[in-house]
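Novice: Chains as they are written, first to last, in the numbering used here: chain A, 4 to 567; chain B, 157 to 608.
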């Protein structure tokens, strides 16, 4: 049954009520339209909720002062250099008037707000761009304020956090704007040379001269989800190359994948994340607690002798704990950082900062994953050049901040493929060995599964190398060995024996310093049988190496490999 | 004066409100979702506005869209019906901010009564009896044990953050208290990460008795007697009747007075319902106040002769109540059965679909409120209630006979319904004897299962 226009209606009533006197209306500002999902939303809900659309979850641009409220402890912000004399280096017509108009509109004096604040009690120098002010473009005063803030941070020995968003250099101030890129970058270089931390947070949109200067120079670079980040703007690129750009191009997620971001952080989690990173970078002596603990006897009488090949198989077992299981078991407060800052982020290597008995450390692990889906994601633990470069970047950062480095080695070998060669797999491994040999902080490596050749050594040019009872470490896989030397890959079992690749062999050859006994079947469930002992041994390690000077560490490491 | 009302609802209640407006010469605006293009309320109203996609969150729960529709159509009032936004204080506040009359109490009153602790406090202050319990959270069992003495046994231990029966224990005597408290607390800590507990007297096999009240803007509050809604499955009412056969005139007066007191204490205006639990010893306890028109309002309408929806509109328009307490007389007996598109054989699984053919009973003393018609497709998106069958008789016996007869006439083809299930309840000896409480359905279902 169709009911369209079947019922009698009160037409005259409708007409009458239309020209009725007092009309209901929506008060100004009560409702607004989300310019992302186009839905009508309640303004109040947006403002209470971190400037996020209550309907689509999309992010709106946040005015500088609200951004500061979002991340800084209440009432802790002290603004610096608010009053700057407006400049017009090119005497560009109408520019000063435009500045004045922007000032009235936004209540700001310039496109960046700088000052000192506390985040969860930690003192920082904070700079926040405000996109409402001439697209937060960088002219002389913006550059000057940032440079001054960074200089003061260097003086006060404080970390810097910058929230970037910008259309780039400010056109109206011409070449002077371009020079701000150099001015701000140079100030940050000095800040970094002083061993201080700089965290950059990209917000939507950041392009041009700001991306190509201070925003990309963070020790740690974070971004909000979905933010547009690029050097050339997407429209310029499209017009130049006459092609449509793919979806997601130049967005945060794209940059993360391409190795330029350490992480993407939701707005609601930014304060907590920043506080955690700040606390992990506080100067702290290496713990000396170690000496109180008795040394642990690590090699014990074996219950049952296993063939070398059996151990090879054990080291490859899919339910063996993976790199991140060791991170979970031995450390707290782990925060993962991504990317090599050149090409990509390799999931075969997981790295970041964590705490070991409260002491900040850099942890790097080769990761195979624990099921087929994860295996594929982590490329079966076979790193590509960008993986090694990420590891090196994290190690250099550890050196800057005086943190020891702990590496967990578990790889069949460095990834073998066309793109790995194109990007210089050999160079990447060589560079890691070269740089690791002279790192000024203690470096410890633990072979927890397969130690596959150069792919393993690139994370094991360390002060000490430890190994698990059933882990292996060799020049090549036994399959490869038998095929090269005997032209018969089926003799892998025999090769495993000849290669002297088991923990026991390696210990005897003084390739490794310690061996950790394993339970019958080592899995993520009983990992603490191993990690409890490792924990004690690590305390002893830091007790010993934490006391050495940079030169002593370098010399010790040099001699370790010099004698092999 | 109200000239045009937007009905922010769907289904039979939207139709019910539109009918009241038609009788009162008020223009109506229906809002509907994309799934409700063919819905009766959208066809019957003078105007209809599509407000969004099928999910309620995108349509009937979207305050912004409903407000926009009201402003665009020039409606000067919004009737929220029940469910959806009817007890959303923010929505009431938004209407007010936009100069639209919300047909219901003030936002602040909705907010206050919607907060369990707050409502309870208001009632205690007004001297309305509440279920004895602890006001402060307890963590230490010995302290709780002391508090239990005051609350009285049997009692219920409840986790502050509890839900779904987790962190809940019934305790019948002091001997079992310690263990029950410890295990409930353990469950609460592991389930919700919070070990704060409350105690509450356990009211065994109570009846659900609720009182309808009407309050105008001039401080007049009148109650319209009670409804017995003890026949419920998982807190979902199935059959409601008025009056309750267990209330004496004196008891009705006492509970009615308490209801009026409760409404006054809350500063209540418009139609509302105060829900009580009534135990075997005729003690009653305030449970909560519903700040809207209720599904079961027709039974009250029939025994009092008051049109509750019209009364709501008149109160919202600023009119005085047309009657005082002494004018209210309860006459005869009314019963309502909710007809749902669901399959009692399959665990009451909802059964949306197209109603191929339909025949509904009529005649003296029979009322049907529905939005379903032949050829109508019941959408999967909303609740499964498709009709309310209401009967009136001089006494309970006549009403029951009428309901039995009417249920026996209902034909709905194309979807599964609970008509036969209702029919069986109407023939259950305990039901016939009026031997009912909130556990009735559980007993009834168990008996049915064992009979199979």
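Cβ atoms here follow ideal geometry from the backbone N, Cα and C, with glycine treated the same way. Quantities reported herein were computed from a predicted structural model and do not represent experimental measurements.
Residues of chain A with CB closer than 7 Å to the CB of residue 530(B), please, in chain order.
Specialist: Looking up residue 530(B) in the second chain gives position 374. Near residue 530(B) (Cβ distances below 7 Å), the residues of chain A are 4.
Novice: So residue 368(A) packs on residue 421(A), CB below 8 Å; how close in whole Å?
Specialist: As a position in the first chain, residue 368(A) is number 365, starting the count at 1. As a position in the first chain, residue 421(A) is number 418, starting the count at 1. Contact doesn't hold; Cβ gap of about 26 Å is too wide.
Novice: Looking at the structure shown, is residue 513(B) part of a helix, part of a strand, or coil, going by DSSP?
Specialist: Position 357 of the second chain holds residue 513(B). Strand, per DSSP.
Novice: Listed in chain order, which residues of the segment 231-259 of chain B have Cβ atoms closer than 8 Å to some Cβ of chain A?
Specialist: The residues in question are 231, 232, 250, 253, 254, 255, 256.
Novice: Less than 8 Å between C-beta atoms, sequence neighbours within five positions excluded: which residues of the same chain meet that for residue 174(A)?
Specialist: As a first step, residue 174(A) must be located in the first chain, where it is residue number 171. Closer than 8 Å at the Cβ level, and outside the excluded window around residue 174(A), lie 140, 180.
Novice: Let me know if residue 537(A) comes out buried or exposed under the rule of 16 or more other beta-carbons within 10 Å of its beta-carbon.
Specialist: On the first chain, position 534 is the one that residue 537(A) refers to. Counting Cβ neighbours within 10 Å, residue 537(A) comes out buried, since at least 16 surround it.
Novice: In whole angstroms, give me the CA-to-CA distance for residue 601(B) and residue 492(B).
Specialist: Looking up residue 601(B) in the second chain gives position 445. Looking up residue 492(B) in the second chain gives position 336. Whole-angstrom Cα-Cα distance: 20 Å.
Novice: Terminal residues of the continuous beta strand (DSSP E) containing residue 413(A)?
Specialist: Locating residue 413(A) in the first chain gives position 410, where the first residue counts as 1. From DSSP, the beta strand (DSSP E) with residue 413(A) extends over 408-414.
Novice: Over the uninterrupted alpha helix (DSSP H) stretch that includes residue 544(A), give me the two end residues.
Specialist: To locate residue 544(A), count along the first chain from 1; it is residue 541. Counting along the chain, the alpha helix (DSSP H) containing residue 544(A) begins and ends at 531-548.
Novice: Which residues in the same chain have their Cβ closer than 8 Å to the Cβ of residue 308(A), if we skip the five residues on either side of it in sequence?
Specialist: Translated into the one-based positions of the first chain, residue 308(A) becomes position 305. Answer for residue 308(A): no residue qualifies.
Novice: For residue 204(A), list the residues DSSP reports as bridge partners.
Specialist: Sequence index remark: in the first chain, residue 204(A) carries index 201 (1-based). DSSP, once it has assigned bridges, lists 166(A), 225(A) as partnering residue 204(A).
Novice: Please classify residue 566(A): is it buried, with 16 or more other beta-carbons within 10 angstroms of its beta-carbon, or exposed?
Specialist: What you label residue 566(A) is simply residue 563 of the first chain in a count that begins at 1. The residue in question, residue 566(A), is exposed, as its Cβ has fewer than 16 Cβ neighbours within 10 Å.
Novice: Do the CB positions of residue 116(A) and residue 131(A) come within less than 9 Å of each other?
Specialist: For the purposes of this step, residue 116(A) is taken as residue 113 along the first chain, with counting starting at 1. For the purposes of this step, residue 131(A) is taken as residue 128 along the first chain, with counting starting at 1. Contact flag set, yes.
Novice: Residue 196(A) to residue 408(A), Cα distance in whole Å?
Specialist: Position 193 of the first chain, counting from 1, holds the residue named residue 196(A). Position 405 of the first chain, counting from 1, holds the residue named residue 408(A). Taking the straight line from one Cα to the other gives about 20 Å.
Novice: Which runs of the alpha helix (DSSP H) spanning at least 4 residues fall entirely within the segment 207-274 of chain A, listed in chain order?
Specialist: You should have 211-214, 237-244, 255-260.
Novice: Would you kindly check if the distance between the Cβ of residue 494(B) and the Cβ of residue 395(B) is under 9 Å?
Specialist: Here residue 395(B) corresponds to residue number 239 of the second chain, with the count starting at 1. Here residue 494(B) corresponds to residue number 338 of the second chain, with the count starting at 1. Yes.
Novice: If you draw a straight line from the C-alpha of residue 252(B) to the C-alpha of residue 356(A), how long is it?
Specialist: For the purposes of this step, residue 252(B) is identified with residue 96 of the second chain, where counting begins at 1. For the purposes of this step, residue 356(A) is identified with residue 353 of the first chain, where counting begins at 1. Approximately 53 Å, taken between the alpha carbons.
Novice: Name the residues in the segment 53-66 of chain A whose C-beta lies less than 8 Å from a C-beta of chain B; which are they?
Specialist: Under the 8 Å Cβ criterion, the segment 53-66 of chain A contributes no residue.
Novice: Just checking my contact of residue 340(A) with residue 223(A) at CB under 8 Å: how many whole Å lie between their CB atoms?
Specialist: Here residue 340(A) refers to the residue found at position 337 when the first chain is read from its first residue. Here residue 223(A) refers to the residue found at position 220 when the first chain is read from its first residue. About 6 Å; that satisfies the 8 Å criterion.
Novice: Taking the CB atoms as reference points, tell me whether residue 234(A) and residue 214(A) lie closer together than 9 Å.
Specialist: What you label residue 234(A) is simply residue 231 of the first chain in a count that begins at 1. What you label residue 214(A) is simply residue 211 of the first chain in a count that begins at 1. Yes, these two residues count as a Cβ contact at 9 Å.
Novice: Going by other Cβ atoms of all chains shown within 10 Å of its Cβ, with 16 needed for buried, is residue 285(A) buried or exposed?
Specialist: Translated into positions along the first chain, residue 285(A) becomes position 282. The residue is exposed, with fewer than 16 neighbouring Cβ atoms inside 10 Å.
Novice: With burial defined as no fewer than 16 other Cβ atoms inside 10 Å of the residue's Cβ, what is the status of residue 456(A): buried or exposed?
Specialist: If you number the first chain from 1, residue 456(A) lands on position 453. Buried, by the Cβ-count rule.
Novice: Mind checking who residue 258(B) pairs with in its DSSP beta bridge?
Specialist: On the second chain, residue 258(B) is found 102 positions in, with the first residue counted as 1. For residue 258(B), which the question treats as bridged, DSSP gives the partners 234(B).
Novice: Would residue 50(A) count as contacting chain D if we go by Cβ distances under 9 Å?
Specialist: The structure shown contains no chain D; its protein chains are A and B.
Novice: Can you tell which of 230(A), 281(A), 247(A), 243(A) has the C-alpha that lies nearest to the C-alpha of residue 268(A)?
Specialist: Walking along the first chain from the start, residue 268(A) turns up at place 265. Considering only alpha carbons, the answer is 230(A).
Novice: Can the beta-carbon of residue 237(B) be found less than 9 Å from the beta-carbon of residue 541(B)?
Specialist: Numbered from 1 along the second chain, position 81 holds the residue referred to as residue 237(B). Numbered from 1 along the second chain, position 385 holds the residue referred to as residue 541(B). No. Outside cutoff.
Novice: Compute the Euclidean distance between the alpha carbons of residue 133(A) and residue 337(A), then round it to the nearest angstrom.
Specialist: Working through the first chain from its first residue, we reach residue 133(A) at position 130. Working through the first chain from its first residue, we reach residue 337(A) at position 334. Those two C-alpha atoms are separated by around 32 Å.
Novice: Give the DSSP-derived three-state secondary structure of residue 496(B) in the structure shown.
Specialist: Along the second chain, one-based indexing puts residue 496(B) at 340. Residue state, collapsed to three classes: strand.
Novice: Tell me the DSSP bridge mates of residue 206(B)?
Specialist: As a first step, residue 206(B) is located in the second chain; it is residue number 50 there, counting from the start. According to DSSP, residue 206(B) bridges with 188(B).
Novice: Quick one: give me the first and last residue of the beta strand (DSSP E) that residue 363(A) is part of.
Specialist: Position 360 of the first chain, counted from the start, is the residue given in the question as residue 363(A). Counting along the chain, the beta strand (DSSP E) containing residue 363(A) begins and ends at 362-369.
Novice: Just tell me which of 558(A), 101(A), 458(A) has its CA closest to the CA of residue 389(A).
Specialist: The residue given as residue 389(A) occupies position 386 in the first chain. Cα-wise, what sits closest to residue 389(A) is 458(A).
Novice: Taking the beta strand (DSSP E) that residue 442(A) belongs to, which residues open and close that run?
Specialist: Within the first chain, numbered from 1, the residue matching residue 442(A) stands at position 439. Here residue 442(A) belongs to no beta strand (DSSP E), and DSSP marks it neither H nor E.
Novice: Residues of chain A with CB under 9 Å from residue 470(B), in chain order?
Specialist: Residue numbering aside, residue 470(B) sits at position 314 when the second chain is read from its first letter. The premise fails here: residue 470(B) is roughly 17 Å from chain A at the closest Cβ pair, so nothing lies under 9 Å.
Novice: Determine the contact status of residue 242(B) and residue 260(B), defining contact as a CB-CB distance below 9 Å.
Specialist: For the purposes of this step, residue 242(B) is taken as residue 86 along the second chain, with counting starting at 1. For the purposes of this step, residue 260(B) is taken as residue 104 along the second chain, with counting starting at 1. Taking 9 Å as the Cβ cut-off, residue 242(B) and residue 260(B) qualify as a contacting pair.
Novice: Is the segment 181-189 of chain B touching the segment 215-224 of chain B, taking contact as three or more C-beta pairs under 8 Å?
Specialist: At 8 Å Cβ cutoff, the stretches touch.
Novice: Between residue 424(B) and the rest of its own chain, which residues show a CB-CB distance below 7 Å, the 5 nearest in sequence each way excluded?
Specialist: To locate residue 424(B), count along the second chain from 1; it is residue 268. For residue 424(B), where only same-chain residues beyond five positions count, the Cβ hits under 7 Å are 261, 265, 371.
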